[in-house]
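Colleague: This is the structure I have questions about; it appears just below.
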Amino acid sequence: MNFLRGVMGGQSAGPQPSGAETIQKLCDRVASSTLLDDRRDAVRALKALSKKYRLEVGIQAMDHLIHVLQTDRSDAEIIGYALDTLYNIICNDLEEEEQEENLQKQPEDLGSQFTEIFIKQQENITLLLTYLEEFDFQVRWPGVKLLTVLLKEQGPQVQQIILVIPMGVSRLMDLLADSREVIRNDGVLLLQQLTKSNAAIQKIVAFENAFERLLDIITDEGNSDGGIVVEDCLLLLQNLLKNNNSNQNFFKEGSYIQRMKPWFEVGDDNAGWSAQKVTNLHLMLQLVRVLVSPTNPPGATSSCQKAMFQCGLLQQLCTILMATGVPADILTETINTVSEVIRGYQINQDYFASVNAPSNPPRPAIVVLLMSMVNERQPFVLRCAVLYCFQCFLYKNQKGQGEIVSTLLPSTIDATGNSVSAGQLLCGGLFSTDALSNWCAAVALAHALQENASLKEQLLRVQLATSIGNPPVSLLQQCTNILSQGSKVQTRVGLLMLLCTWLSNCPIAVTHFLHNPANVPFLTGQIAENLGEEEQLVQGLCALLLGISIYYNDNSLENYRKEKLKQLIEKRIGKENFIEKLGFISKHEFYSRAAQKPQPSFSSPDHMMFDHEFTKLVKELEGVITKAVYKSSEEDKKEEEVKKTLEQHDSIVTHYKNVIRVQDQELEELKKQVESLKAQNEQLQTAVTQQVSQIQQHKDQYNLLKVQLGKDNQHHSAHGDVSQMNGVQPEEISKLREEIEEWKRKLELLQEELREKDALIKTLEFSPAAEGTEQSSQTNTCGPKADNDLNKEIETLRTQLQSQSTEIAKLQSEKQELLQKLNETATLSEEKTSLKQQLDSSNSTVAILQHDISKLQQEVAEFKKEQDDLLLLLADQDQKIIALENKLKELGEPVEDEDDIESVDQGEEDEEDDGEEEEA
Numbered sequence: 025m026n027f028l029r030g031v032m033g034g035q036s037a038g039p040q041p042s043g044a045e046t047i048q049k050l051c052d053r054v055a056s057s058t059l060l061d062d063r064r065d066a067v068r069a070l071k072a073l074s075k076k077y078r079l080e081v082g083i084q085a086m087d088h089l090i091h092v093l094q095t096d097r098s099d100a101e102i103i104g105y106a107l108d109t110l111y112n113i114i115c116n117d118l119e120e121e122e123q124e125e126n127l128q129k130q131p132e133d134l135g136s137q138f139t140e141i142f143i144k145q146q147e148n149i150t151l152l153l154t155y156l157e158e159f160d161f162q163v164r165w166p167g168v169k170l171l172t173v174l175l176k177e178q179g180p181q182v183q184q185i186i187l188v189i190p191m192g193v194s195r196l197m198d199l200l201a202d203s204r205e206v207i208r209n210d211g212v213l214l215l216q217q218l219t220k221s222n223a224a225i226q227k228i229v230a231f232e233n234a235f236e237r238l239l240d241i242i243t244d245e246g247n248s249d250g251g252i253v254v255e256d257c258l259l260l261l262q263n264l265l266k267n268n269n270s271n272q273n274f275f276k277e278g279s280y281i282q283r284m285k286p287w288f289e290v291g292d293d294n295a296g297w298s299a300q301k302v303t304n305l306h307l308m309l310q311l312v313r314v315l316v317s318p319t320n321p322p323g324a325t326s327s328c329q330k331a332m333f334q335c336g337l338l339q340q341l342c343t344i345l346m347a348t349g350v351p352a353d354i355l356t357e358t359i360n361t362v363s364e365v366i367r368g369y370q371i372n373q374d375y376f377a378s379v380n381a382p383s384n385p386p387r388p389a390i391v392v393l394l395m396s397m398v399n400e401r402q403p404f405v406l407r408c409a410v411l412y413c414f415q416c417f418l419y420k421n422q423k424g425q426g427e428i429v430s431t432l433l434p435s436t437i438d439a440t441g442n443s444v445s446a447g448q449l450l451c452g453g454l455f456s457t458d459a460l461s462n463w464c465a466a467v468a469l470a471h472a473l474q475e476n477a478s479l480k481e482q483l484l485r486v487q488l489a490t491s492i493g494n495p496p497v498s499l500l501q502q503c504t505n506i507l508s509q510g511s512k513v514q515t516r517v518g519l520l521m522l523l524c525t526w527l528s529n530c531p532i533a534v535t536h537f538l539h540n541p542a543n544v545p546f547l548t549g550q551i552a553e554n555l556g557e558e559e560q561l562v563q564g565l566c567a568l569l570l571g572i573s574i575y576y577n578d579n580s581l582e583n584y585r586k587e588k589l590k591q592l593i594e595k596r597i598g599k600e601n602f603i604e605k606l607g608f609i610s611k612h613e614f615y616s617r618a619a620q621k622p623q624p625s626f627s628s629p630d631h632m633m634f635d636h637e638f639t640k641l642v643k644e645l646e647g648v649i650t651k652a653v654y655k656s657s658e659e660d661k662k663e664e665e666v667k668k669t670l671e672q673h674d675s676i677v678t679h680y681k682n683v684i685r686v687q688d689q690e691l692e693e694l695k696k697q698v699e700s701l702k703a704q705n706e707q708l709q710t711a712v713t714q715q716v717s718q719i720q721q722h723k724d725q726y727n728l729l730k731v732q733l734g735k736d737n738q739h740h741s742a743h744g745d746v747s748q749m750n751g752v753q754p755e756e757i758s759k760l761r762e763e764i765e766e767w768k769r770k771l772e773l774l775q776e777e778l779r780e781k782d783a784l785i786k787t788l789e790f791s792p793a794a795e796g797t798e799q800s801s802q803t804n805t806c807g808p809k810a811d812n813d814l815n816k817e818i819e820t821l822r823t824q825l826q827s828q829s830t831e832i833a834k835l836q837s838e839k840q841e842l843l844q845k846l847n848e849t850a851t852l853s854e855e856k857t858s859l860k861q862q863l864d865s866s867n868s869t870v871a872i873l874q875h876d877i878s879k880l881q882q883e884v885a886e887f888k889k890e891q892d893d894l895l896l897l898l899a900d901q902d903q904k905i906i907a908l909e910n911k912l913k914e915l916g917e918p919v920e921d922e923d924d925i926e927s928v929d930q931g932e933e934d935e936e937d938d939g940e941e942e943e944a
C-alpha cells in the first residue's frame, strides 16, 4: 500500500520510478495479488495514469483489465475502474491540454488499434453486454461509454459482432428505459453509433419500440424547446429512417407522423430563439424531409404526404412559412420541407395553392414566395429554396401549371394593377437586370411548361409591351431578343433552357421560332465561333436549340425545312463540329451536379447553371438530335411516314383508349346497377318467401276453419261460427259477408212472396164481401148467375195459385243454378281476395277485426229477427187463407186441399236443401 501511495504522489526518499515502470508494477500487482482490495487499488491507479500514459497502459494493462472483467464480476467497484480505464485507452476525444501534450507522442489511430485488439476476441463484446445489463450505476455507465467508443472506432466490425450475439441489440434497447437520465442520454448516443449505416440493426431497433420511446423522450424534454437530448434523439431517428423503406413504412403505419405535429407549433412571438431551439427545429424539419424525400419509392412518399396532410402537419408548416420573426435558416429549411411534402401529390399541391399570406389585402403564398425569389436583396439560399418550392408545386401538376400560365394570358391579366400575379412576377424577373433573377424566372417558367404541349401553345399568345409607343412583341420574341443582346452567361443559359423546354415536342412553337429570320443565323453564328470555356456552355445550348428546331420541325416553312437546316449546319458549322458543341452540355461539371437530385443546391450563385429537370431533357434529346442531323433526306421522308403512321396509330390507340375508358365507366355503372338490383331482388325474394309462408299459413287456417264449420254451414250455423272468431282471418270475414248477401237475397224473395200473398188476400177479401151483398139483395132473382160468377172467380184464384206455385218452383230452380255459379265464382274470387288481403293483413289489427265481427254479428241478428217477423206474417197469411177457404166451403164451393200443395212445395224444398248440402 505504501508503494501505491508513492505512485499516487506521496513523498519518497529515493529516485522516482518512470511511468512505464510504475505501470508495469501495477500490472504485476493486478495479476498477482490475492487480495481484492490490492487489485482494486492497482486498477484505480491504472485508471489515474491511463490518460497521461495512454499508450503504455494500453499495451501493458489491457489483457489484465480484461481478465479483471472476467474474474471479478462480484465487485462493482473494480469492474467500474476497469471499464473506465479501457475507455480512456481507446477514446481519442482527449481534453485540449492533454491532446496538445500527447500530440507528438501518440499516433492518430491509437484508439482504432486498441479497439481492434479488444474486439479480436468476440467474447469481450459479449462480456461487455452482460455488464450493460447490471443496474449498478458505476458498472452500467462506464460500460455504455466503452461500447460507444468501440463503435466509433470500429463500427462495422462491432456491429457484426453484436448482431450475432443472441438478443444483443435488444439488451441495448433497455438503456432508453433507464430512470437515470445520464445513462438514458448516453444510451441514445450509443444507439446512434450502433445504427449508423446498418439496415439490419436499424430494423431491429425500430421493432424494439424505439420510435415510441424516442418520441416520448422528445415530448418529455419539451419538443423543440428541449435541450441537447432532443437533438440526440432526432439524430437517432434520422439514422433509423433515412434510406430505410421498411422503417419508414413502420413509422407511418404506427401513426407516429401524427405525433410530429406538436413539434412545429410556434407562437406569435418568434423573437429570441435559442441556438439549441434552432438546431432542434432544423433537425425536425430534416426528419420530415426524410419521410418524403424524392429518392424514396413513389408509393411510400405519397402515403406519407397523405398522412401529413390528414393530420394537419402540412398546415402547421405553412403557418411557420407565413409567420414573422422566424430565423432565416429555419424559414429556408421550412420552405424546402413544404416543397417535398407537396411534390407530386395533387391534394397537397391544391392546398398549398389556397394558402394566403397574412397581408392586407391577402396574397397567395406562391406570389409572396416568388416576390422573394426575384428580389436580389434576399439571401441566395432562400431564393434557391423558393425556386425549389415552385418546382415542386408544378411537378406533375397540370392544374397548377395552367393556373400559372393563365396569369400571363391577355384575358386574365388584372387591368387595374391592384394585385401582382405569379405570371407578372416571372416576367419581371425574366427581364430584370439581375442575372440570378433571370435564371430563376426562366427555370420556373420552364417548369410551368414541363410535359404540357397545350400550355406551350397557349404561351405563344402572350404579348409584352416593351416601351410606350411601340407595338407589343410576343414573349418568345422578347426572349430571343434578349438572348441576342449579349447579356450575362447565366441569363443566356436560363433563357436557352426555357426556349429548349418550350420548343421540345411542340412543332407550332418551333414554327413561331423559325418564323423570325434572325434566330437561325444567330444560333449558327454562336455555334460556329471558337469562344472561351465560359462560352462553351452557351454554344452547347444553342446547338441543342437548333437541333430541337430540326427534330420537331413540321416543314411548314419552306425556307426552314429540315433538309435546308441540315444543309445550313453542314455548310456553316460542320456536322462533326455541331455534335462536338452539343456534347459540351453533358460533359460540363455543373450538368453532373444538377443531374444528381431535384433540389437546386449550389455553393455560390455563379455555379447556378443547370436545372435538374432540364438535364433529363438533354439526356433524352442528345441522341435523337445526333441521329436527325446525320440522316439523309430519304431517311427523313421514311421517318416522316413512320411518324405519320405512328401518329395515326397513336390516334387510333387514343380513340380506343377513350372508348375503353367510357366502356369501363359504363361497365362500372352497370355493375353498380346490377349490385343494386341484386340487393333489391334479394329483398323482394325475402319478402315473397315471407308472404308465401304467410299465405300458406292462412290457407291452412282456412282449411282448418272449413273442417270446423262442417257440411252444415248454413244460415243458423253462421252466428255460432262468428261468435268463436276471435282473431279471424280476412277470408272468414269475406265468407260472412257473402252469407249476409245471401240472406239479403232470400229476404227479398220472401218479401216478394209476401207482397203477392197480400194481393191475393185483398182479392179474396173483396170477392166474399161483394158476393154477400149481392146475395142479400138478389136472393131469389139472381142466385144462379151469382153462383156462376163465383165459380169463375174461384177458378181464377186456383189458376193464380197454380201459376204462383209454378213460378216459385221456377225461381227456386234458377236460385239453385245461381248458387252453383256463385259458389264457383266465390272459390276463384276467394283465392284472389286471400292473396290481395294477405298483403294488407299486416295493416289490420285484431281490434279492427273484432269490431267488424261484432258489427257483422249484429247485422246477422237483425236479419234473423226480420226473418222471424216475416215467418210470423206468413203464418198469419196462412191463417187468413184457411179462413177464406172455409168461407168458400161454407158457400158450397169445392176447394183444393192445402196439404196437397204443401206436400208439393215441401218436396221441392227438400230437393233444394239436398242441393245446398251437396254444394257445402
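The sequence shown runs 25 to 944 under the numbering used here. Ideal Cβ placement from N, Cα and C applies to all residues, glycine included. Since the structure is predicted, the reported quantities are computational estimates derived from the model, not experimental observations.
1) May I ask you to verify whether the stretch 357-375 touches the stretch 589-601, counting CB pairs closer than 8 Å and requiring at least 3?
2) Quick check: the Cα distance between LEU915 and ARG779, rounded to an integer number of angstroms?
3) Between ILE114 and the rest of its own chain, which residues show a CB-CB distance below 6 Å, the 5 nearest in sequence each way excluded?
4) Using C-beta distances below 8 Å, list every residue in its chain close to ARG63, excluding the 5 sequence neighbours before and after it, in chain order.
5) Quick check on PHE159: buried or exposed, where buried means 16 or more other Cβ atoms within 10 Å of its Cβ?
6) Using three-state DSSP, classify PRO388 as helix, strand or coil.
7) Let me know if THR669 comes out buried or exposed under the rule of 16 or more other beta-carbons within 10 Å of its beta-carbon.
8) Which residue or residues does DSSP assign as beta-bridge partners of VAL497?
9) Could you name the residues that DSSP lists as bridge partners for ALA381?
10) Here's the rule: buried if 16 or more other CB atoms are within 10 angstroms of the residue's CB, otherwise exposed. What is GLU120?
11) Can you look up TYR77 in the DSSP assignment and give me helix, strand or coil?
12) Any idea if ASN209 is buried or exposed, counting beta-carbon neighbours within 10 angstroms, 16 or more meaning buried?
13) If I measure Cβ to Cβ from CYS328 and keep anything under 6 Å in the same chain, skipping five residues before and after, which residues do I get?
14) Start and end of the alpha helix (DSSP H) containing GLU587?
15) Looking at C-beta atoms only, is the number of pairs between the stretch 576-593 and the stretch 372-385 that lie closer than 8 Å three or more?
16) Among the residues of its own chain, which have a CB less than 7 Å from the CB of PRO403, if the five just before and after it don't count?
17) Taking just the CA atoms, how far does VAL686 sit from LYS723?
18) Take every Cβ of the stretch 303-322, pair it with every Cβ of the stretch 266-285, and state whether three or more of those distances are shorter than 8 Å.
19) By DSSP, does HIS471 sit in helix, in strand, or in coil?
20) Just the Cα atoms here: how many angstroms apart are SER248 and GLY556?
21) So VAL379 and MET332 are supposed to be a Cβ contact under 8 Å. How far apart are they, rounded?
22) Looking at C-alpha atoms only, which residue of CYS416, GLY336, GLU658 is the closest neighbour of PRO318?
23) Pull up the distance between the alpha-carbon of GLY43 and that of ILE354, whole angstroms please.
24) On the DSSP letters alone, give me the boundaries of the alpha helix (DSSP H) that PRO624 sits inside.
25) Using DSSP with H/G/I as helix, E/B as strand and the rest coil, what is GLN40?
26) With a floor of 4 residues, list each alpha helix (DSSP H) that falls wholly inside the stretch 514-573, ordered by position along the chain.
27) Suppose contacts are defined by Cβ-Cβ distances below 8 Å. Is LEU479 in contact with GLN425 by that definition?
28) Comparing C-alpha positions only, which one of LYS655, GLY564, VAL653 sits nearest to HIS612?
29) I believe ILE207 touches LEU153 by the beta-carbon criterion, under 8 Å. Please report the beta-carbon distance rounded to the nearest angstrom.
30) Buried or exposed, going by whether 16 or more other CB atoms sit within 10 Å of the CB of LEU175?
31) Quick one: residues in its chain with C-beta nearer than 6 Å to the C-beta of CYS408, no 5 flanking neighbours on either side, listed in chain order?
32) At the level of alpha carbons, what is the spacing between CYS566 and GLN422?
33) Indicate the three-state DSSP secondary structure (helix, strand or coil) for HIS88 in the structure shown.
34) I need the straight-line Cα distance from ALA652 to TYR576, nearest angstrom please.
Modeller: Put simply:
1) no
2) Counted from its first residue, the sequence shown places residue 915 at position 891. Counted from its first residue, the sequence shown places residue 779 at position 755. Cα to Cα, the separation comes out at about 27 Å.
3) The sequence position of residue 114 within the sequence shown is 90, counting from 1. Here the set comprises GLY135, PHE138, THR139, VAL173.
4) As a working note, residue 63 is residue 39 in the sequence shown. Hits under 8 Å: ARG53, VAL54, SER57, VAL92, ASP96, ILE102.
5) For the purposes of this step, residue 159 is taken as the residue at position 135 of the sequence shown. Per the 10 Å Cβ criterion, exposed.
6) Here residue 388 refers to the residue found at position 364 when the sequence shown is read from its first residue. In the structure shown, PRO388 sits in a strand (DSSP, three-state: E or B).
7) The sequence position of residue 669 within the sequence shown is 645, counting from 1. Classification for THR669: exposed.
8) As a first step, residue 497 must be located in the sequence shown, where it is residue number 473. Beta-bridge pairing links VAL497 to LEU488.
9) What you label residue 381 is simply residue 357 of the sequence shown in a count that begins at 1. The partner list for ALA381 (beta bridge, DSSP) reads ARG387.
10) Along the sequence shown, read from residue 1 onward, the residue named residue 120 stands at position 96. Here the model assigns GLU120 a pLDDT of 42, short of 50, so the residue's position is not dependable and the matter cannot be decided.
11) What you label residue 77 is simply residue 53 of the sequence shown in a count that begins at 1. If DSSP states are grouped into helix, strand and coil, TYR77 belongs with coil.
12) Sequence index remark: in the sequence shown, residue 209 carries index 185 (1-based). With 16 or more other Cβ atoms within 10 Å, it is buried.
13) The residue given as residue 328 occupies position 304 in the sequence shown. Hits under 6 Å: LYS276, LEU315, VAL316.
14) The sequence position of residue 587 within the sequence shown is 563, counting from 1. Looking at the DSSP string, the run of the alpha helix (DSSP H) that includes GLU587 is 586-596.
15) no
16) Translated into positions along the sequence shown, residue 403 becomes position 379. So the qualifying residues of the chain are ALA352.
17) Here the question's residue 723 lines up with position 699 in the sequence shown. Here the question's residue 686 lines up with position 662 in the sequence shown. LYS723 and VAL686: Cα-Cα distance of roughly 53 Å.
18) yes
19) Numbered from 1 along the sequence shown, position 447 holds the residue referred to as residue 471. Helix at HIS471.
20) Locating residue 248 in the sequence shown gives position 224, where the first residue counts as 1. Locating residue 556 in the sequence shown gives position 532, where the first residue counts as 1. So the alpha carbons of these two residues sit roughly 52 Å apart.
21) Counted from its first residue, the sequence shown places residue 379 at position 355. Counted from its first residue, the sequence shown places residue 332 at position 308. That belief does not hold up - the Cβ atoms of VAL379 and MET332 are roughly 15 Å apart, past 8 Å.
22) Numbered from its first residue, the sequence shown carries residue 318 at position 294. PRO318 has its Cα closest to that of CYS416, out of CYS416, GLY336, GLU658.
23) For the purposes of this step, residue 43 is taken as the residue at position 19 of the sequence shown. For the purposes of this step, residue 354 is taken as the residue at position 330 of the sequence shown. For GLY43 and ILE354, the distance between alpha carbons rounds to 53 Å.
24) Stepping through the sequence shown from its first residue, residue 624 is reached at position 600. No alpha helix (DSSP H) holds PRO624; DSSP gives it neither H nor E.
25) Working through the sequence shown from its first residue, we reach residue 40 at position 16. Note that GLN40 scores 46 on pLDDT, short of 50, meaning its location in the model is unreliable and no value can be drawn from it.
26) 531-539, 543-552
27) Within the sequence shown, numbered from 1, the residue matching residue 479 stands at position 455. Within the sequence shown, numbered from 1, the residue matching residue 425 stands at position 401. Cβ atoms of LEU479 and GLN425: closer than 8 Å.
28) Taking the first residue of the sequence shown as position 1, residue 612 is located at position 588. Of the listed residues, the one whose Cα sits closest to HIS612 is GLY564.
29) Counting from one through the sequence shown, the residue named residue 207 turns up at place 183. Counting from one through the sequence shown, the residue named residue 153 turns up at place 129. Not a contact, Cβ separation roughly 15 Å.
30) In the sequence shown, the residue the question calls residue 175 occupies position 151. When all chains shown are included, LEU175 counts as buried.
31) Residue mapping note: residue 408 aligns to position 384 of the sequence shown, counting from 1. Here the set comprises PRO624.
32) For the purposes of this step, residue 566 is taken as the residue at position 542 of the sequence shown. For the purposes of this step, residue 422 is taken as the residue at position 398 of the sequence shown. C-alpha separation (whole angstroms): 28 Å.
33) As a first step, residue 88 must be located in the sequence shown, where it is residue number 64. Helix at HIS88.
34) Reading the sequence shown from its first residue, position 628 is the one you call residue 652. Reading the sequence shown from its first residue, position 552 is the one you call residue 576. Cα to Cα, ALA652 sits roughly 10 Å from TYR576.
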